[in-house]
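Number 1131 in the working numbering belongs to position 169 of the sequence shown; there are no gaps in the numbering. We treat Cβ as the ideally placed atom computed from N, Cα and C, and that holds for glycine. Because the structure is a prediction, the values reported are computed rather than measured. Written out below as structure tokens is the structure these notes cover.
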Amino acid sequence: MEIQQGYSRVAKTLHWLIALLIFSEYFIGITIDNTGWKWLHFQVGSIILILVLCRIIWRITHVYPVMEPRLSRINKMMAHAGHHTLYLLMFLIPVSGLVLAFTKGVPLDLLGIHFEPLMKPLNYHTRHTIKEVHEYMANGIFYLALLHALAAIGHQFIHKIPILSRMLPKSWSKFIE
Ligand code: HEM
Ligand code: HEM
């Protein structure tokens, strides 16, 4: 079982790896029309989905640290709601991306696995709606993650409540506290 006061090494590694990949994937996504990096977008997105599934399983099967007790009740509630929403988006964005890719009715290569078209292409309007939902959710996670990062940094450096240090390697804590 896991520690109570800080995040475990596995939780920290998954957190930062997934965060880095999501921000990169977002920029690959918004520039896709100019770069044509659709193949790269699909591969990185598939890796994100696998890591997120591992993270959810790890989250459910391990005890995580309790919320920092010095946070106000409203801050705890907001952090709780924010973390759950981030989890939901981390899962739904790659899933909606996969739905988009598989409903185009063309062969697909994902992480070295070749998929022949599983179905006839879905009609334009349905795919367009799924694409819009994918895009809205991607924008949503981008801005929510920025807010989440600002909250962690603000608590650490302005309110002097050590939130950011909980998610950083232990050896870094002495530099920021
Ligand atoms: C967390 C993971 C992901 C993020 C943050 C993300 C983000 C984005 C963004 C920002 C766009 C641009 C939307 C636009 O402006 O038109 C996009 C488009 C798209 N994404 Fe993703 N995406 C993710 C995962 C995936 C996955 C796993 C797939 C499929 C394997 C996928 C398939 C697509 C497709 C088909 C488009 C439309 C491309 C086009 O034709 O313009 N995405 N994504
Ligand atoms: C797409 C990017 C990100 C996502 C999806 C994300 C998601 C999450 C989630 C779900 C948690 C809850 C704990 C867990 O289950 O592991 C968390 C905790 C945390 N995140 Fe992020 N995060 C992102 C980016 C960032 C960034 C950029 C920072 C800071 C600069 C940050 C700082 C933290 C901190 C300090 C915690 C611990 C909060 C606490 O429980 O006290 N995150 N993050």
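Just measuring C-alpha positions, the residue of Trp1020, Ile1138, Leu1011 and Ile990 sitting nearest Leu1073 is Leu1011. Here the alpha carbons of Leu1060 and Ile1075 stand approximately 14 Å from one another.
Assignment of alpha helix (DSSP H) within the stretch 978-1029, counting only whole runs of 4 or more residues, yields 994-997 and 1000-1023 in chain order. One thing to note: His1110 has its Cβ within 9 Å of the Cβ of Leu1048.
Note that the C-beta distance between Phe1077 and Leu1070 is below 9 Å. Secondary structure at Leu1080: coil, using DSSP grouped into helix, strand and coil. For the pair Arg1035 and Ile980, the CB atoms are not nearer than the 9 Å cut-off. Between Leu1051 and Ile1103 a beta carbon distance of about 4 Å is seen, short of the 8 Å cut, so the two are scored as contacting. In the DSSP assignment, the residues bridged to Ile1075 are Leu1072.
A direct Cα-to-Cα measurement between Trp978 and Phe985 gives close to 11 Å.
Tyr969 sits in coil when the DSSP states are folded into three classes, being neither helix nor strand.
Taking the Cα of Met1081 as reference, the smallest distance to any Cα among Leu1015, Val1095 and Lys1066 is reached at Lys1066. Going by C-alpha positions, Val1028 is about 30 Å away from Val1057. When the five nearest sequence neighbours on each side are left out, the beta carbons in the same chain lying within less than 8 Å of the beta carbon of Arg1032 are those of Ile1123, in order along the chain.
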